[in-house]
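Residue numbers (this note's numbering): 66 to 505. To start, the structure under review is shown below, and the notes come after it.
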Amino acid sequence: MDIKRVATDAVNETIVMTVVHMDYKGQVAKRINEKMPLATVKGFRKGQVPKDLVEKQYGKAIKQEEVKKVVDLALERFVQSERLNLLGTPLAKENENFDWDAEELTFEYEIGLVPNFEIDLEAKNNIVKYIVTADDKLIDGQVERIQKQFGKAIPQDKVDADSDLTGTFSNEEKGINNTTTISVSTFNKKAGDKFIGKKVGDVVTVSTKGLFEDDHQLMDYLKVSHDDVHGLDVEVNFTIEAINGAELAELNQELFDKLFGEGKVASLEDLKAKIKEDAEAQFAQQADQKLLLDVQDFLIENTKFDLPAEFLKKWLQTVGEKKLSAEEAEVEYARSEKGLRFQLIEGKAMAQSNIQITFEDLKAFTTNAIRQQMAQFGQTNPTDEEVQGIVARVLSNQEEVKRLSEQVVAEKLLEVFKEKANPTTKEVTYEEFIAASYGE
66 MDIKRVATDA VNETIVMTVV HMDYKGQVAK RINEKMPLAT VKGFRKGQVP
116 KDLVEKQYGK AIKQEEVKKV VDLALERFVQ SERLNLLGTP LAKENENFDW
166 DAEELTFEYE IGLVPNFEID LEAKNNIVKY IVTADDKLID GQVERIQKQF
216 GKAIPQDKVD ADSDLTGTFS NEEKGINNTT TISVSTFNKK AGDKFIGKKV
266 GDVVTVSTKG LFEDDHQLMD YLKVSHDDVH GLDVEVNFTI EAINGAELAE
316 LNQELFDKLF GEGKVASLED LKAKIKEDAE AQFAQQADQK LLLDVQDFLI
366 ENTKFDLPAE FLKKWLQTVG EKKLSAEEAE VEYARSEKGL RFQLIEGKAM
416 AQSNIQITFE DLKAFTTNAI RQQMAQFGQT NPTDEEVQGI VARVLSNQEE
466 VKRLSEQVVA EKLLEVFKEK ANPTTKEVTY EEFIAASYGE
């Protein structure tokens with residue numbers, strides 16, 4: 066068998082395979098012999114059919130099957146031996162004039178190659194690393210929310226600016242159907258004003274675009290996924306099921322102990338300090354996420370390389386349970402191209418920075434995530450045995466391992482980006498951070 070690569074350009078090639086009789090004749094003969102005792106041809110007893118008739122009836126199909134096996138195995142070994150870094154998988158070229166009776170059988174496979182490129186993590190940029198602080202306005206608002214949450218609910222006939230609403234957000238097209246309790250003050254002013262004066266049973270329609278100060282709140286109140294929150298712009302209905310005012314809870318030791326554990330907070334000043342600490346830890350995560358996205362966008366914009374676009378569009382038509390049309394593949398490629406580009410850049414950044422993910426890295430990350438999650442549900446001092454038992458169960462799930470591994474990679478890359486991209490540091494309030502993030 067003869068196999069060779071024919072380059073179209075730097076990222077597109079064709080693998081040409083020429084198969085001769087010697088490559089498959091032995092296996093075809095073996096299969097014919099195995100077929101002899103089982104062959105049935107009219108006029109002959111089973112097992113007594115002459116070999117030439119067996120070959121005539123079954124030979125072509127057997128030949129095609131065996132040639133395919135030879136070609137598939139040779140293709141796999143060739144890709145490995147040549148150390149080809151492929152995007153997608155090889156696509157067989159169609160040949161309407163293919164002749165199975167020819168002495169030499171030629172097969173051609175299109176392949177798309179990962180482009181060769183370099184990235185400059187230290188290139189000059191305008192990236193900002195935000196330090197987000199919790200100001201007095203935010204802290205005082207959180208204190209009031211705590212007092213309302215643990216205060217006494219007082220039913221109201223109509224909605225006012227201080228009301229808490231229980232109801233259901235719904236949008237059939239987006240699959241939104243979530244019952245929640247929310248304060249009118251949580252909405253932006255334009256949306257909040259729509260609720261004033263409404264009664265139980267009324268339905269209020271609002272837009273998700275700018276509904277909250279932080280788009281991430283859509284995840285909490287509408288149960289929208291993180292991938293969908295940014296830029297989501299649809300109409301949702303809120304059906305009012307209950308309206309309550311609140312008699313604010315007294316800020317005393319009993320409430321502090323209930324919130325944070327016995328003796329950990331002893332005064333209003335301690336409470337505010339705790340709120341500030343917790344809020345800024347959460348803001349730091351959001352700021353890191355924005356920094357990562359900003360670096361991604363910068364690298365995608367400033368790292369130029371060609372992709373085998375037409376090959377990938379054809380390949381997209383062949384994968385998945387539902388085969389895509391050429392038009393659908395075009396749309397899917399446009400949707401996924403940016404992600405593919407960053408996936409390649411990410412791999413290059415990991416190689417350049419010698420980043421490797423070990424099982425111990427994954428285990429430590431998962432352990433920390435589990436402890437944080439348990440703390441959110443009031444389990445502040447779980448035993449190591451309890452935590453490691455949960456970690457073991459989580460890491461036995463391959464989907465979870467993949468998801469967590471991606472998060473570990475993102476965390477390690479973030480540290481590299483912070484160091485090498487040398488972003489400008491800027492201290493802002495949470496409101497200023499939201500305005501910088503979403504242009505509001």
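Idealized CB from N, CA, C, for every residue including glycine. Note that the structure is a prediction, hence the values are computed from the model and not measured.
By alpha-carbon positions, which one of the options ends up nearest to residue i?
i: residue 243; options: 205, 252, 289; result: 289
i: residue 159; options: 79, 196, 200; result: 79
i: residue 495; options: 199, 205, 329, 218; result: 199
i: residue 491; options: 141, 192, 398; result: 192
i: residue 335; options: 318, 350, 347, 126; result: 318
i: residue 457; options: 478, 471, 323, 424; result: 424
i: residue 506; options: 186, 305, 270; result: Any property of residue 506 remains undetermined from this structure, which presents the chain solely from 66 to 505.
i: residue 233; options: 269, 220, 429; result: 269
i: residue 333; options: 286, 224, 207, 420; result: 207
i: residue 295; options: 279, 100, 196, 286; result: 279
i: residue 258; options: 223, 235, 282; result: 223
i: residue 502; options: 326, 115, 281; result: 281
i: residue 303; options: 331, 386, 272; result: 272
i: residue 285; options: 247, 300, 265, 316; result: 247
i: residue 219; options: 309, 132, 186, 126; result: 309
i: residue 479; options: 236, 71, 352; result: 352
i: residue 392; options: 378, 411, 386, 401; result: 378
i: residue 261; options: 439, 225, 293; result: 225
i: residue 196; options: 245, 354, 287; result: 354
i: residue 155; options: 376, 386, 459, 428; result: 376
i: residue 240; options: 254, 221, 293; result: 293
i: residue 203; options: 190, 251, 189; result: 251
i: residue 426; options: 386, 449, 476; result: 476
i: residue 493; options: 460, 168, 349; result: 349
i: residue 316; options: 141, 211, 167, 263; result: 211
Please return the same chain residues whose Cβ sits closer than 6 Å to the Cβ of residue i, not counting the five positions on each side in sequence.
i: residue 238; result: none
i: residue 307; result: 231
i: residue 106; result: 114, 118
i: residue 356; result: 194
i: residue 482; result: 360
i: residue 172; result: 82, 136
i: residue 430; result: 473
Quick one: residues in its chain with C-beta nearer than 8 Å to the C-beta of residue i, no 5 flanking neighbours on either side, listed in chain order?
i: residue 66; result: 82, 83, 84, 85, 88, 135, 139
i: residue 216; result: 311, 312, 313, 314
i: residue 103; result: 111, 112
i: residue 128; result: 89, 93, 165
i: residue 453; result: 432
i: residue 369; result: 182
i: residue 436; result: 447, 452
i: residue 187; result: 485, 486, 487
Let me check one thing: in DSSP terms, what residues is residue i bridge-paired to?
i: residue 82; result: 68, 172
i: residue 230; result: 247, 308
i: residue 420; result: Beta-bridge pairing links residue 420 to no other residue.
i: residue 431; result: According to DSSP, which records beta bridges pairwise, residue 431 is partnered with nothing at all.
i: residue 177; result: 77, 152
i: residue 157; result: 174
i: residue 195; result: 491
i: residue 241; result: 236
i: residue 218; result: 311
Rounded to the nearest angstrom, what separates residue i and residue j at their Cα positions?
i: residue 256; j: residue 374; result: 44 Å
i: residue 383; j: residue 408; result: 22 Å
i: residue 182; j: residue 68; result: 27 Å
i: residue 298; j: residue 276; result: 10 Å
i: residue 416; j: residue 433; result: 26 Å
i: residue 115; j: residue 93; result: 17 Å
i: residue 320; j: residue 388; result: 59 Å
i: residue 274; j: residue 73; result: 46 Å
i: residue 489; j: residue 497; result: 16 Å
i: residue 213; j: residue 363; result: 43 Å
i: residue 124; j: residue 97; result: 7 Å
i: residue 330; j: residue 345; result: 18 Å
i: residue 209; j: residue 472; result: 35 Å
i: residue 339; j: residue 325; result: 9 Å
i: residue 132; j: residue 76; result: 28 Å
i: residue 459; j: residue 465; result: 6 Å
Please confirm whether any heavy atom of the ligand ZN lies closer than 7 Å to the CB of residue i.
i: residue 200; result: The ligand ZN is not part of the structure shown, which contains no ligands of any sort.
Go through its chain and collect everything with a Cβ distance to residue i's Cβ below 7 Å, but skip five positions before and after it.
i: residue 403; result: 365
i: residue 361; result: 407
i: residue 56; result: Given a span of 66 to 505 for the chain in the structure shown, any question on residue 56 remains unanswerable.
i: residue 291; result: 284
i: residue 71; result: 78, 79, 81
i: residue 505; result: A caution first: residue 505 carries a pLDDT of 48, below 50, which makes its placement in the model unreliable, though a value can still be read off. The residues are 275, 499.
Taking three-plus beta-carbon pairs below 8 Å as touching, is the stretch 177-187 in contact with the stretch 145-163?
yes
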